[in-house]
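Heads up: the structure comes next, in structure tokens.
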């Protein structure tokens, strides 16, 4: 009970009891206990009590009315509408009704805010970008899982309440934060991160209408974008070089012949043969570029159909039989007993095998062997540990559950007893224009695009490829296609 109100109640009781006691004692003494004296004292006490009660009730009524009015005004300010007053018998019921209505609306609002907060948290946690909200002292108020992952933190790490400088060690990011703190201007910058990755950083003020400053930090992983930009730059440089080399040779021989410097018909014939060789190389290069572009952009539609892998392999073997024999190389096939019909694009599967067998023959010395094999590969959740095939496009090849599943593939292998490939070159073999030995590869007619084409055909089939090689002993290239 409020202190002022308690004093008023106390004084009212004093006003009621003291006159009654005083007049009762005095009147009894003077009147000898007559009834008239007692009645007078009682009436006076009742009058004082009635007056005190009236004053007390009026004060209490004013307080209740003010409370009811304040509750109504608060309701109207918060929700822009008057309280839903019903018929009340008195101000106490009105104040009680408004208090209950206000409490209900506050609970509804709190529940709504809680739901919205959970929705925002769910959205932020699903974002690939790292997001952190900080106060004026650069202490973290809120962050998502992606933010901590970008700094190699353990899963579920909670950095709420910690200063940014304690959890972030990247000097480039800290430099960005310092510049923002000094200027308050929005900053957008690309910075290097750990492990050779790159991040796009955005720092800005969150909700400038808030009384306390809030800083929003957003980190976007642009590592893949940087790799694509570098690959594009490398592709343009390599393609320009590959086109320039034969064009320069052709131009030189044509100018020599045009000047009349070649009178000997035999020499002219040799020049024309060299020109034809470079023209054919240009044609192969352009064809490979167009093929690669069509596959990557999805312009070349695959014709999936049931086929017999043995018949495809047999056709490729026959295609190379004469060339392999003239080079002193034995070519053979080995088909597993348990293979089944495969659903794939016959022409594209043939192109993969031709590219791989062609490379094998080119880099295998006389007296060597090239083998094309095929078998069924069943992978289960229990034996998937030794699968060994990487994803070529970031999509999972196998189910992500631990067990209870089986997935079947057809596995092809082109192996040779050739020169082998250095281990440091294996990760780059699928890159456009990459060659282990540029001079020898061009001499043997390679464009440097064969394995890149193989990779993208396999991506279109949902397959994968892996390469094993040992210098001086040969190379085995295996690839799989689902089914």
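Residue numbers (my numbering): 1 to 483. We treat Cβ as the ideally placed atom computed from N, Cα and C, and that holds for glycine. Keep in mind it's a predicted model, so treat the numbers as computed, not measured.
Look at the alpha carbon of residue i and the alpha carbon of residue j, and state the distance between them as a whole number of angstroms.
i, j, result
"residue 414", "residue 466", "11 Å"
"residue 218", "residue 126", "14 Å"
"residue 305", "residue 395", "23 Å"
"residue 180", "residue 236", "38 Å"
"residue 367", "residue 317", "17 Å"
"residue 459", "residue 322", "32 Å"
"residue 480", "residue 425", "22 Å"
"residue 1", "residue 212", "Unreliable positioning characterises residue 1 in this predicted model, as indicated by a pLDDT of 44, which lies under 50. A coordinate reading is not provided."
"residue 158", "residue 74", "38 Å"
"residue 478", "residue 411", "7 Å"
"residue 471", "residue 256", "43 Å"
"residue 269", "residue 240", "29 Å"
"residue 60", "residue 177", "58 Å"
"residue 145", "residue 334", "50 Å"
"residue 272", "residue 432", "30 Å"
"residue 3", "residue 153", "Its pLDDT being 47, under 50, residue 3 is placed unreliably by the model, and the measurement read from it follows with that caveat. Approximately 56 Å between the Cα atoms of the pair."
"residue 363", "residue 419", "6 Å"
"residue 115", "residue 389", "44 Å"
"residue 101", "residue 118", "26 Å"
"residue 354", "residue 370", "12 Å"
"residue 294", "residue 430", "17 Å"
"residue 404", "residue 161", "43 Å"
"residue 291", "residue 452", "10 Å"
"residue 109", "residue 139", "28 Å"
"residue 252", "residue 423", "39 Å"
By a C-beta neighbour count over all protein chains shown, 10 Å radius and 16 as the cutoff for buried, is residue i buried or exposed?
i, result
"residue 281", "buried"
"residue 469", "buried"
"residue 130", "buried"
"residue 343", "exposed"
"residue 310", "exposed"
"residue 454", "buried"
"residue 111", "exposed"
"residue 393", "exposed"
"residue 416", "buried"
"residue 244", "exposed"
"residue 194", "exposed"
"residue 359", "buried"
"residue 464", "buried"
"residue 174", "exposed"
"residue 331", "buried"
"residue 345", "buried"
"residue 148", "buried"
Following the continuous alpha helix (DSSP H) through residue i, name the residue where it begins and the one where it ends.
i, result
"residue 254", "223–258"
"residue 346", "346–362"
"residue 451", "450–461"
"residue 164", "164–167"
"residue 320", "309–326"
"residue 285", "265–296"
"residue 392", "No alpha helix (DSSP H) contains residue 392, which DSSP labels as neither H nor E."
"residue 176", "171–183"
"residue 148", "145–149"
Please check the pair residue i and residue j, which I expect to be a contact at CB under 8 Å, by giving their CB distance rounded to whole angstroms.
i, j, result
"residue 514", "residue 172", "With the chain covering 1 to 483 only, the question about residue 514 has no answer from this structure."
"residue 308", "residue 341", "6 Å"
"residue 133", "residue 189", "In fact, because the Cβ distance is near 19 Å, the residues do not count as touching under 8 Å."
"residue 421", "residue 350", "With 8 Å as the limit, residue 421 and residue 350 do not qualify as a contact, their Cβ atoms being about 24 Å apart."
"residue 135", "residue 142", "Residue 135 to residue 142, Cβ: 10 Å. No contact."
"residue 231", "residue 199", "So it is not a contact: roughly 19 Å between Cβ atoms."
"residue 456", "residue 242", "Actually they are not in contact, since the Cβ atoms of residue 456 and residue 242 sit about 18 Å apart, beyond 8 Å."
"residue 186", "residue 201", "So it is not a contact: roughly 11 Å between Cβ atoms."
"residue 71", "residue 47", "With 8 Å as the limit, residue 71 and residue 47 do not qualify as a contact, their Cβ atoms being about 36 Å apart."
"residue 361", "residue 319", "Contact flag wrong, Cβ pair sits at about 11 Å."
Check for me: the beta strand (DSSP E) holding residue i runs from which residue to which?
i, result
"residue 375", "369–380"
"residue 133", "130–134"
"residue 416", "406–416"
"residue 335", "330–335"
"residue 300", "Careful: residue 300 lies outside any beta strand (DSSP E) and carries neither H nor E."
"residue 465", "464–470"
"residue 419", "Neither: residue 419 is in no beta strand (DSSP E) and is coded neither H nor E."
"residue 139", "Here residue 139 belongs to no beta strand (DSSP E), and DSSP marks it neither H nor E."
"residue 477", "474–482"
"residue 192", "187–192"
"residue 199", "198–205"
Do we get a CB-CB distance below 8 Å when we pair residue i with the residues of chain C?
i, result
"residue 395", "Considering every chain present, this structure includes no chain C. It has just one protein chain."
Contact between the stretch 373–382 and the stretch 447–455 (3+ Cβ pairs under 8 Å): no
The stretch 242–257 / the stretch 157–165 touching (three or more Cβ pairs under 8 Å): no
Inter-stretch contact (C-beta, 8 Å, three-pair minimum) for the stretch 311–327 and the stretch 294–302: Touching, no, given that fewer than three Cβ pairs across the two stretches are closer than 8 Å.
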